[in-house]
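A.B. asks: I'd like to ask you about the structure that follows.
Here you go:
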């Protein structure tokens, strides 16, 4: 059946919905409305895909730029994960927070690469888009993208919480925190993505990659994701404010102690000054170790907030409500009057969605998350570690060869039929093990112990060594300390 026949009672370019089955594909993704006709109101639908009529057919080609960026970024994520798994920790400075963070980003990058190989068909029929039930590529790309987003946001919150506890509360994170982080970091995204797929699902909305549907999307995905992102942002800002507070306090304490140098400081002020300096040094050390994670958390939170705002805006404008249909009337009448000329009506399409540049910027920013992760967490030591790894594995093995390895084997020169004159001219190696010399069996003399050491008086010592006196170091008479007895001893007869 041609498109001319499928128009039915609907004006061009719209298609009559009654000509299509009510099952198959994502039927809730049809963009249909009741239009008046000679036979009454008839349900007319926009042809699929809707994004081509809003932004032009080039939107699919332009959106593939984000997928090709992910092709370039994906090896960087693989390099980090393999380095964490193979190289020793002294080269990678690996930590479970960084490893899990990179795994979440890896899922997002895979979601962008899948459509390039699968080349999926966005539409089930002329008015119905495909969803996760009718297209396998849609199911994998949408699930991995949203699961990766969930995981990245959750691990951003865990990293921010760990940073806050270390800096503000001086908590030493142990195995309990690590196992709790594993359970929450992967359990929450797993539960969240399961609930989202059951209640909302994913389908083709723009481009070759599937995105979350409109129904219940705010409740089961965007609201909890934004809650974790907002909590991460608040904790991060609170921690940075505390760092600034400690830094300023240490400056004022140092100034007070330097200006009051004319007299000795009191005990209380001295303790307060030392405590502020120690806190500042401790916080500076933590910042030196974790500034990469802090920077990446800010990048992730910024992308997530932008991503959520744009998609919530798209959902609000494309949902089939009387208010949205009223706003879309100028664009719909333009398409009817021009018989489907997209370019002439493209300026009016902003009434039902964001502009094309916003959509493309959103996809490109998402695909570049792995690049920023590599820039911040790829250390120069990783490359040195790989150089040493390949040098050790592929280098020549230097085996130990004993000096008398051929002592019990026949001379190999006899196989070359060398004459006796040549054989006698060669000198066999001398034995390495020698009998002990008689000169070395003597007992060590006094000179073996070296000369007398020179006494060096310590700088804070007020005593010095004295030579022994004639009484062998005693300048007192021991008998003078004895008590005198009044008993007179009478010798026995």
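Residue numbers (UniProt numbering): 1 to 493. The C-beta atom is built at its ideal place from N, Cα and C for all residues, glycine as well.
In three-state DSSP terms, what is residue 33?
C.D. replies: Three-state result, residue 33: strand.
A.B. asks: In the structure shown, what three-state DSSP assignment does residue 101 receive?
C.D. replies: In the structure shown, residue 101 sits in a helix (DSSP, three-state: H, G or I).
A.B. asks: Can you check DSSP and say which residues form a bridge with residue 204?
C.D. replies: Answer by DSSP bridge pairing, in chain order: 210.
A.B. asks: When the Cβ atoms of the region 361–370 are set against those of the region 340–352, are three or more pairs found closer than 8 Å?
C.D. replies: Too few Cβ pairs lie closer than 8 Å, so no.
A.B. asks: Using DSSP with H/G/I as helix, E/B as strand and the rest coil, what is residue 537?
C.D. replies: No statement about residue 537 is possible, as the shown extent of the chain runs from 1 to 493 and does not include it.
A.B. asks: Could you please give me the residues that DSSP links to residue 129 through a beta bridge?
C.D. replies: Answer by DSSP bridge pairing, in chain order: 123.
A.B. asks: What does DSSP give as the partner residue(s) for residue 40 in the beta ladder?
C.D. replies: Looking at the DSSP assignment, residue 40 forms a beta bridge with 37.
A.B. asks: Going straight from the alpha carbon of residue 309 to that of residue 392, what length do you get?
C.D. replies: The straight-line gap from Cα to Cα measures roughly 51 Å.
A.B. asks: I'd like the ranges of any alpha helix (DSSP H) spanning at least 4 consecutive residues and lying wholly in the region 45–115.
C.D. replies: Within the region 45–115, the complete alpha helix (DSSP H) runs of at least 4 residues are 50–55, 58–86, 89–92.
A.B. asks: Give the range of the alpha helix (DSSP H) segment to which residue 221 is assigned.
C.D. replies: Premise fails: residue 221 is in no alpha helix (DSSP H) and is neither H nor E.
A.B. asks: For the putative contact between residue 192 and residue 150, defined by C-beta atoms under 8 Å, what is the C-beta separation to the nearest angstrom?
C.D. replies: Indeed they touch by this definition, with Cβ atoms about 5 Å apart.
A.B. asks: For residue 67, does the count of other Cβ atoms within 10 angstroms reach 16, so buried, or fall short, so exposed?
C.D. replies: Buried, by the Cβ-count rule.
A.B. asks: Thinking just about the alpha-carbon of each residue, which of 85, 119, 379, 307 is nearest to the one in residue 553?
C.D. replies: As displayed, the chain neither begins before 1 nor continues past 493, which places residue 553 out of reach and without an answer.
A.B. asks: Alpha carbon to alpha carbon, how far is residue 106 from residue 78? Give it in angstroms, no decimals.
C.D. replies: In a straight line, the C-alpha of residue 78 is about 8 Å away from that of residue 106.
A.B. asks: Enumerate in chain order the residues of its own chain whose CB-to-CB distance from residue 89 is below 7 Å, with the five nearest sequence positions on each side excluded.
C.D. replies: No residues qualify anywhere along the chain.
A.B. asks: Is it buried or exposed for residue 380, if we count other Cβ within 10 angstroms and need 16 for buried?
C.D. replies: With fewer than 16 other Cβ atoms within 10 Å, it is exposed.
A.B. asks: For the structure I just gave you, are there three or more beta carbon pairs, one from the region 235–247 and one from the region 197–206, closer than 8 Å?
C.D. replies: The region 235–247, when compared against the region 197–206, does not touch it at the 8 Å Cβ threshold.
A.B. asks: Whole angstroms are fine: how far does the CA of residue 279 sit from the CA of residue 262?
C.D. replies: At residue 262, the pLDDT of 44 sits below 50, so the modelled position is not reliable; the number obtained from the coordinates is stated separately. If I take the Cα positions, the gap works out to 26 Å.
A.B. asks: Rounding to the nearest angstrom, what Cα-Cα distance links residue 495 and residue 141 in this structure?
C.D. replies: A question about residue 495 goes unanswered here, because the residues of the chain that appear run from 1 up to 493.
A.B. asks: Under a three-way DSSP split, which group does residue 368 fall into?
C.D. replies: In the structure shown, residue 368 sits in coil (DSSP, three-state: anything other than H, G, I, E or B).
A.B. asks: How about residue 326: is its C-beta nearer than 8 Å to some C-beta of chain D?
C.D. replies: Annotation note: the requested chain D is absent from the structure, which comprises a single protein chain.
A.B. asks: Look at the alpha carbon of residue 336 and the alpha carbon of residue 35, and state the distance between them as a whole number of angstroms.
C.D. replies: Approximately 12 Å between the Cα atoms of the pair.
A.B. asks: Using only the alpha-carbon positions, how far apart do residue 319 and residue 44 sit?
C.D. replies: Their Cα atoms are separated by approximately 16 Å.
A.B. asks: Heavy atom of the ligand SAM less than 7 Å from the Cβ of residue 121, yes or no?
C.D. replies: Ligands are entirely absent from the displayed structure, and the ligand SAM is therefore not among its contents.
A.B. asks: For residue 81 versus residue 370, is the C-beta distance shorter than 8 Å?
C.D. replies: Against a cut-off of 8 Å, the Cβ pair of residue 370 and residue 81 comes out as no contact.
A.B. asks: How is residue 304 classed by DSSP in three states: helix, strand or coil?
C.D. replies: Three-state result, residue 304: helix.
A.B. asks: Run the CB neighbour count on residue 220, radius 10 Å, all protein chains shown included, and call it buried at 16 or more, exposed below.
C.D. replies: Buried, by the Cβ-count rule.
A.B. asks: For residue 229 versus residue 305, is the C-beta distance shorter than 8 Å?
C.D. replies: Going by C-beta atoms, residue 229 is nearer than 8 Å to residue 305.
A.B. asks: If residue 46 sits next to residue 353, beta carbons under 8 Å apart, how far is it from one beta carbon to the other, in whole angstroms?
C.D. replies: About 12 Å; that fails the 8 Å criterion.
A.B. asks: State the DSSP-derived secondary structure class of residue 179, mapped to helix, strand or coil.
C.D. replies: Three-state result, residue 179: helix.
A.B. asks: List the whole-angstrom C-beta distance separating residue 517 from residue 157, where the pair is believed to meet the contact cut-off of C-beta under 8 Å.
C.D. replies: In the structure as shown, the chain begins at 1 and stops at 493. Residue 517 is therefore absent and cannot be evaluated.
A.B. asks: What did DSSP end up calling residue 265 once you bin it into helix, strand or coil?
C.D. replies: For residue 265, the predicted structure reports a pLDDT of 48, less than 50, and the residue's modelled location is therefore unreliable. The matter cannot be settled from this model.
A.B. asks: For the candidate residues 58, 11, 285, 152, whose alpha-carbon lies nearest to that of residue 38?
C.D. replies: Cα-wise, what sits closest to residue 38 is 11.
A.B. asks: How far does the alpha helix (DSSP H) with residue 163 in it reach, from first residue to last?
C.D. replies: Looking at the DSSP string, the run of the alpha helix (DSSP H) that includes residue 163 is 136–168.
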